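Chains as they are written, first to last, in our numbering: chain H, 1 to 289; chain R, 290 to 450; chain W, 451 to 1217.
Please read the structure below before turning to the comments.
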Amino acid sequence: MRPIEYVAPTTVDEAVAALAEKGDAARPLAGGTDILVQLRGGRRAVDRIVDVKRIPELNELSYDAQAGLRVGAAVPCHRIYEDEAIAAVYPGLMDVATLIGGIQIQGRASLGGNLCNAAPSGDSIPALIAHNAVAEVAGPGGKRDVPVEDFCTAPGRTVLGPGEFLVALRMPTPPASFGASYLRFIPRNEMDIAVAGAGASVVMDGNTVTACRVALASVAPTPVLAEEAGAALVGKEPTDDALAQAAEAARAAAKPISDMRGTAEYRTHLVGVLTTRALRNAIQRAKEA
Amino acid sequence: MPSEKIHVRTTVNGEATDFLCEANQSLLEVLRDVLYMTGTKEGCNDGNCGACTVNLDGRIVDSCLVLGVEAQGATIETIEGVATPEGLHPIQQAFLENAALQCGICTPGFIVASKALLEREPNPSEHRIRHWLAGNLCRCTGYDKIVRAVVDAAGHMGGKS
Amino acid sequence: MTTVEDRNYKVIGTRPIRHDGADKVTGRAIYGIDYHMTGELWGKILRSPHAHANIVKIDTSKAEALPGVRAVITGRDLPVAADMEVDDGETSINTMHLSNNVMAHRKALYRGHAVAAVAADNQHIAEDAVNLIEVEYEVLPPVLNGREAMKADAPLVHPEQTTKSMAFRFDPGTDTGEKSNIAGRTEMRLGDIDEGFKQADVIVERVFNTNWVHQGYIEAQNATVLWNNDDSIQVWNSSQGTFNQRQLMAEILKHPVSKIRITPQEIGGGFGGKIPVYLEVPAAVLSKKSGRPVKMMMSRAEVFEGTGPASGSETVCKMGATKDGKIVAAYAELVFEAGAFPGSAVGAGAQGMFTTYNIENILIHAYDVVVNKPKSAAYRSPGTPQTCFAAESVVDELAEKVGIDPLEFRIMNAAKEGDRRADGVAHPVMGNLECMVQLKESNHYKSDLGGPNRGRGIASGYWGNAGMPASCAVSVNPDGTVSLAEGSPDIGGSRVSLAMMTAEAFGIPAEDVIPIIKDTDSIGYNGLTAGSSTTLRNGVAIAQVAKQAIDLMKARAARLWETEVDNVDFADGVFFSKAESELKLTFKELAGKLMETGGPISTAASVAPRGAGPSFSTHMVDVEVDPETGKVDILRYTAAQDVGVAIHPDYVEGQVQGGAVQGIGWALNEEYFYDDSGRMMNSSYLDYRMPTSLDLPEIDAILVQVPNPDHPFGVRGVAEISIVPPLGALANAIKAAVGVRMQELPMAPYKIVKALWDKEAESNGAG
Ligand SMILES: Cc1cc2nc3c(=O)[nH]c(=O)nc-3n(C[C@H](O)[C@H](O)[C@H](O)COP(=O)(O)OP(=O)(O)OC[C@H]3O[C@@H](n4cnc5c(N)ncnc54)[C@H](O)[C@@H]3O)c2cc1C
Ligand code: FES
Ligand code: FES
């Protein structure tokens, strides 16, 4: 790895200053499970690393039924799935926190890092979208909120401007009869990058779907919200036919490429399979909620 | 441009341990090449094999994906701290009795990871063990005897952890 | 034939704790890269980004100017090695090629080919320096596929290379004079193939492809080398054979073999991949240039791209059987991609392919073809997994066509002692049939699959095993223990197995033997820890040194008892007088009296045994296939293997289990994924996808013990064969589960889904 400068600010303002001063040549460090691999492999070069883990706001993990959930951008996965209250209310989040990497990776990897890394395959992103998450961004111009579905702009790129960084992810408290799920396909059972992934959330009224969101990973330059797929189910009972329509809409939203992880044709097919399965799972959870 | 060395204070295996490192050195590199604690192994240097597993403030992590400077103030446990003057840890003994190592390069990582599991969950199922250890690659054993060793160690440790 | 039970072993067959165990579970064991020297530098290699390119110019000045850089070298700093064939144990290589492989001379022949190297104060500076070296390449079109490379108009990897034609596997061959990427062409012929197919009622012919795979050892290649001021070279590294590496280094560096000493450190896996030399040579030259010890270790990407994986292959396989189930003819054409230099394992693959069965008419054409990929190296039963995947798939189809259960069909056709292999050699005593029969009697075979989309697959395999020389020495300690000096790096517990044979011979407990692995100047020549030969060949040497030592001790007992040495005998660890029954001394008691009876006793022996004793194995696997995603779940796995005599059954089982899991990885997910320019796209563990613990069930190992009659302890090699059957077994299981015959490895999920689509389209078309 090239020589780097390491700074560990303890306030949001200090971090903004440390980042702004260096522009593109500085990057935040959360769990390091993406950035250190990229720096070592020469895929990214920076002069300064800004360790954001010593800023209290970035380590905050809090939930209350009024305000909803706040996940500091540097909170590692294990803290999320070890918090039973949160795991129960945000099942889609629980799904991703337990599947990123293996136990060692989950000891460090954060959802904030997963989002800011902006990989098309970022597993947490569809789940965050399904949970209507909003990204809280701080920068030289103060704070702003960005819906997660608008956060990633291209592979490895986000809406963050010079000096800006992610402070936290906020998710509203789900309504009654809410269920969510994230499923991905990998050839192994752990430690693998999604060939395709689908996150889904539903709100049920009896056996009728009243709200639905579907988001996809690994099938476009960024994770995508498949609005039509969700819309296809709203106001309907989740019959096989209705689910098939939602899956078809999800397939239409997928614009995959062929690479070593799978052909475009196969990925599109998987989107249908995973969307159906994730929706069934979410519906089941909504009924149990 | 050789960058300036940073003074880092940690506790390693219960001992106050200070070291000097550059910002681009991983904790793995610091352990191995600065502190000469070569029990922690490098298999991939990118988080995929678990050979470099150490316990950092109570969680197992891949030390190749931690910077040495990040360990400021941290408590670190490595394979060198698992046995005591009284003898091997039950997990180490179980690895030997079950022939859970062939070449042994993966073994320190597996032992540190298994120890963290059994301290948390004294009686894990076989499936849970396989899940917990999925971040540790072994190319020699096919994992069969490793899983048996952990089951066996759990039996021996019963109640203690 | 004696059985294991007849032999009444006291130590062999027990499960003592390995002698290097405490070191290895505490992190104290010193592996290659753990060895440190004061003043050491870190070296780093610059590798070609192109699969095929002429090296026009290398400018190292910027790298040399970087503070902290101590030496920079290129191919010009290596002597030009002689054009000479050497057998490196399991495959062969020409020394000039080997030299070119460790450092490209004029041409880069694969992406990852070493082009230059740097030694610097630390690894980060070395890395930076490597990036400052400027290389001007003239990029050439790469040839990346064996079949394509064979075509007359294919670009030539080595423009001067001509084809060598061989009538059998180790035939020196005749040069055809044809310029071609085909380096070698071998034929194996038994009986009359046309006549054989005439007798057949059913014939199956298919084409199979396998992709390149890596051994995947967790410890990357590494070396610490000191070129001293007296021109002696010292190497501390981890390899599968110090003496072989010493020889290869001597050839490449044109340096006297006696001026190179290799001290083996612990080794973190090899599976064939740590037979060749790589970093040792540039590290030596960098050390010479800098005057300091130089340490090098490959990154994981370098291991994938810059070492020797197992060849990709194409196999055309055609077999015929009579309607009552006798296989009467087998034909194959094998195309193996050797990589950038000739010397794939195609010969061994041909020899192993049909060997499990008694087939009277066989014809095999085997091609060794160079392409712009890394030079292939040995990988556990080299060549045979690829070819047996093809043969075992076709055998299953034949069984289906004649309506016989696949295991029964194999039993009916199993080769037995005296039957002939494809190369005409008759089989010795071996347990092929016994494996199949024991599998048939297993609970697994009798169990139900219990669900839809599930299938059971069976496949068999053969591996010949190797002999190779060995040297050992023992010294008897005054406390009745024995120190065993040996020279074979211990990769999977060989210290304990060797100690157990020694203990058996001396009639003492395994714990009373102290096995130590020596450097190349401290013990006689030893072959490779490869070819499943370590326990076998050292066992022969141990039997000899033990006999010598016991004979010397008999003379001491005779002196004590004031009798003729012929009156003294030794059994079960006790020396006794044949004349007077009350005269007895245990080994330990007599060991304590050596000083007073004439001084210490130590003995040494070097051997070059023949009669390695072949390995046979049959595996059975149950899978469930998700027809929507193509994912294969392994539900149950049993491997039956003839292991001769299991010295330490745990470590024998470990070999069976480990090999089976490597085979599973090869079958399902592992592959070198190349783009059109010859760049490997998945050179990390993340994307290469070796199996994790969560991908596997327990692997049951059935140890069938048919002792090798040519070995003092009945040993036959056990380490390699287990990787051969899984590929075919999984293909057959997938066929049984969802009805598609997979002909290409890996049988990745997307390929299975594609095959299911094709099958559906076909049946729609037909219906
Ligand atoms: C073995 C292994 C397995 C993996 N498995 C998975 C998997 O299954 N699924 C998956 O999606 N990913 C996986 N990953 C990738 C990675 O672990 C995740 O993306 C993880 O969530 C990243 O979080 P982090 O905290 O480690 O991020 P870091 O590496 O610290 O940061 C990631 C990126 O985000 C930037 N960043 C971090 N924090 C902030 C912030 N607060 N504001 C702005 N920018 C910020 C960094 O500069 C960097 O560019 C795996 C990685 C490894 C090594
Ligand atoms: S070396 Fe750290 S995970 Fe492999
Ligand atoms: S014992 Fe060799 S890698 Fe696990």
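Beta carbons: idealized from backbone N, C-alpha and C, even for Gly.
Computed from a predicted model, the values in this text were never measured in an experiment.
- 7 Å Cβ shell around T1013/W - same chain, five flanking residues per side excluded: Working through the third sequence from its first residue, we reach residue 1013/W at position 563. Cβ neighbours of T1013/W beyond the five flanking positions: S1027 and A1029.
- Cβ pair count under 8 Å reaching 3, the segment 1145-1154 of chain W against the segment 340-350 of chain R: no
- Message: Counting only C-beta atoms, is R1086/W closer than 9 Å to chain H at any point?
- Response: On the third sequence, position 636 is the one that residue 1086/W refers to. So no, R1086/W is outside the interface.
- Message: On the CB-based measure, 16 or more other CB atoms within 10 Å of its CB, does I462/W come out buried or exposed?
- Response: Translated into positions along the third sequence, residue 462/W becomes position 12. Buried, by the Cβ-count rule.
- Could you give the DSSP three-state label for A253/H: helix, strand or coil? Taking the first sequence and counting its residues from 1, the one referred to as residue 253/H is at position 253. It is helical.
- Given T984/W, which residues of its chain have a CB within under 7 Å of its CB, disregarding the five upstream and five downstream residues? As a working mapping, residue 984/W is identified with position 534 in the third sequence. The beta carbon of T984/W sits closer than 7 Å to those of S938 and S944, all from its chain and outside the five residues before and after it, given in chain order.
- Checking contacts by CB at 9 Å: is H420/R closer than that to chain W? As a position in the second sequence, residue 420/R is number 131, starting the count at 1. Yes, H420/R lies at the interface with chain W (some Cβ there is under 9 Å from its Cβ).
- Task: Using a Cβ cut-off of 9 Å (strictly closer), state whether T806/W contacts chain H.
- Result: The residue labelled residue 806/W in the question sits at position 356 within the third sequence. Cβ-Cβ to chain H under 9 Å: no for T806/W.
- Message: Counting only beta-carbon separations shorter than 9 Å, does Q381/R have a partner in chain H?
- Response: For the purposes of this step, residue 381/R is identified with residue 92 of the second sequence, where counting begins at 1. So, not an interface residue.
- Task: List the endpoints of the continuous beta strand (DSSP E) containing K1185/W.
- Result: Taking the first residue of the third sequence as 1, we reach residue 1185/W at position 735. Element bounds for K1185/W: not the beta strand (DSSP E) but the alpha helix (DSSP H), P1175 to V1188.
- What separation, rounded to the nearest whole angstrom, lies between the Cα atoms of A17/H and G163/H? Looking up residue 17/H in the first sequence gives position 17. Looking up residue 163/H in the first sequence gives position 163. Each residue's alpha carbon lies about 7 Å from the other.
- Straight-line gap, P147/H to L377/R (C-alpha atoms, nearest Å): By 1-based counting over the first sequence, the position of residue 147/H is 147. By 1-based counting over the second sequence, the position of residue 377/R is 88. Approximately 53 Å between the Cα atoms of the pair.
- Whole-angstrom distance between G447/R and N117/H, CA atom to CA atom: Counting from 1 along the first sequence, the entry for residue 117/H is found at position 117. Counting from 1 along the second sequence, the entry for residue 447/R is found at position 158. Rounded to whole angstroms, N117/H to G447/R spans 43 Å at the Cα level.
- Beta-ladder partner(s) of C116/H, from DSSP: Taking the first sequence and counting its residues from 1, one reaches residue 116/H at position 116. DSSP output for C116/H lists no bridge partner at all.
- Query: Can you name the residues of chain W whose CB is closer than 7 Å to the CB of R170/H?
  - Reply: As a position in the first sequence, residue 170/H is number 170, starting the count at 1. Simply none; closest approach about 31 Å.
- Query: When Cβ atoms are compared, which residues of the segment 1138-1172 of chain W fall closer than 8 Å to chain C?
  - Reply: Given the protein chain composition of this structure (H, R and W), no chain C is represented.
- Could you please give the first and the last residue of the uninterrupted alpha helix (DSSP H) stretch that includes C885/W? As a first step, residue 885/W is located in the third sequence; it is residue number 435 there, counting from the start. Here the alpha helix (DSSP H) through C885/W covers N882 to K890.
- Query: How close, in whole Å, do the beta carbons of R48/H and A20/H come, if the pair is a contact with beta carbons under 8 Å?
  - Reply: Position 48 of the first sequence holds residue 48/H. Position 20 of the first sequence holds residue 20/H. Not a contact, Cβ separation roughly 11 Å.
- Query: Quick one: what's got a C-beta closer than 6 Å to V96/H's C-beta in the same chain, skipping five residues either side?
  - Reply: For the purposes of this step, residue 96/H is taken as the residue at position 96 of the first sequence. Excluding sequence positions up to five before and after V96/H, its CB lies within less than 6 Å of the CB of D123, S124, A127 and Y182, all in the same chain and listed in chain order.
- Mind listing the chain H neighbours of H574/W? Cutoff is C-beta to C-beta under 8 Å, in chain order. Here residue 574/W refers to the residue found at position 124 of the third sequence. What H574/W touches in chain H: M1, R2 and P3.
- Where does M1045/W land, buried or exposed, given buried means 16+ other C-beta within 10 angstroms? Against the third sequence, residue 1045/W aligns to sequence position 595. When all chains shown are included, M1045/W counts as exposed.
- Task: Give the range of the beta strand (DSSP E) segment to which L183/H is assigned.
- Result: Counting from 1 along the first sequence, the entry for residue 183/H is found at position 183. Per DSSP, L183/H belongs to the beta strand (DSSP E) from F178 to F185.
- Message: For ligand 2, I want to know if K330/R counts as a neighbour, meaning its beta carbon is within less than 8 Å of at least one of the ligand's heavy atoms.
- Response: For the purposes of this step, residue 330/R is taken as residue 41 along the second sequence, with counting starting at 1. Result yes, Cβ under 8 Å from ligand 2.
- Using a C-beta to C-beta distance shorter than 9 Å, which residues of chain H count as neighbours of D578/W? Position 128 of the third sequence, counted from the start, is the residue given in the question as residue 578/W. Here the neighbours are R2 and P3.
- Hey, how far is the Cα of I725/W from the Cα of Q690/W? Taking the first residue of the third sequence as 1, we reach residue 725/W at position 275. Taking the first residue of the third sequence as 1, we reach residue 690/W at position 240. Going from the Cα of I725/W to the Cα of Q690/W covers about 5 Å.
- Closest to A995/W by CA distance: which of K1043/W, I1051/W, A980/W and E1032/W is it? Numbered from 1 along the third sequence, position 545 holds the residue referred to as residue 995/W. Here residue 995/W is Val; the residue named in the question, Ala, does not match the sequence. Selected option, being the one with the closest Cα: I1051/W.
- Query: Who are the neighbours of E716/W on chain R, taking C-beta pairs under 9 Å?
  - Reply: Stepping through the third sequence from its first residue, residue 716/W is reached at position 266. Near E716/W (Cβ distances below 9 Å), the residues of chain R are C392, G393 and I394.
- Query: Would you call the CB atoms of S831/W and I1173/W closer than 9 Å?
  - Reply: For this step, residue 831/W is matched to residue 381 along the third sequence. For this step, residue 1173/W is matched to residue 723 along the third sequence. Between S831/W and I1173/W, the gap from beta carbon to beta carbon is short of 9 Å.
- If we ignore side chains and look at the alpha-carbon of each, how far apart do D335/R and C353/R end up? For the purposes of this step, residue 335/R is identified with residue 46 of the second sequence, where counting begins at 1. For the purposes of this step, residue 353/R is identified with residue 64 of the second sequence, where counting begins at 1. Using only the alpha carbons, I get a separation of about 7 Å.
- Task: Return the chain-ordered list of same chain residues with a C-beta closer than 7 Å to the C-beta of G718/W, the five sequence neighbours on each side being excluded.
- Result: Working through the third sequence from its first residue, we reach residue 718/W at position 268. Closer than 7 Å at the Cβ level, and outside the excluded window around G718/W, lie Y481, Y667, I668, E669 and S688.
- Query: Any heavy atom of ligand 1 within a distance shorter than 8 Å of the CB on V37/H?
  - Reply: Reading the first sequence from its first residue, position 37 is the one you call residue 37/H. Yes, since a heavy atom of ligand 1 falls inside the 8 Å radius drawn around the Cβ of V37/H.
- Item | Beta-carbon proximity check, A991/W vs S921/W, cutoff 9 Å | Stepping through the third sequence from its first residue, residue 991/W is reached at position 541. Stepping through the third sequence from its first residue, residue 921/W is reached at position 471. Their beta carbons are under 9 Å apart, which means A991/W touches S921/W by this criterion.
- Task: Taking only beta carbons into account, state which residues of the segment 419-445 of chain R come closer than 9 Å to chain W, listed in chain order.
- Result: R419, H420, W421, L422, A423, G424, N425, L426, C427, R428, C429, T430, G431, Y432, D433, K434, I435, V436 and R437
- Would you say T396/R touches ligand 3, meaning its beta carbon is less than 8 Å from a heavy atom? Counting from one through the second sequence, the residue named residue 396/R turns up at place 107. T396/R: yes, Cβ under 8 Å from ligand 3.
- Among all the DSSP beta bridges, which residues are the ones paired with H815/W? Sequence index remark: in the third sequence, residue 815/W carries index 365 (1-based). For H815/W, which the question treats as bridged, DSSP gives the partners E637/W and E783/W.
- Just the Cα atoms here: how many angstroms apart are T464/W and A388/R? Sequence index remark: in the third sequence, residue 464/W carries index 14 (1-based). Sequence index remark: in the second sequence, residue 388/R carries index 99 (1-based). Near 12 Å, if we compare the C-alpha coordinates of A388/R and T464/W.
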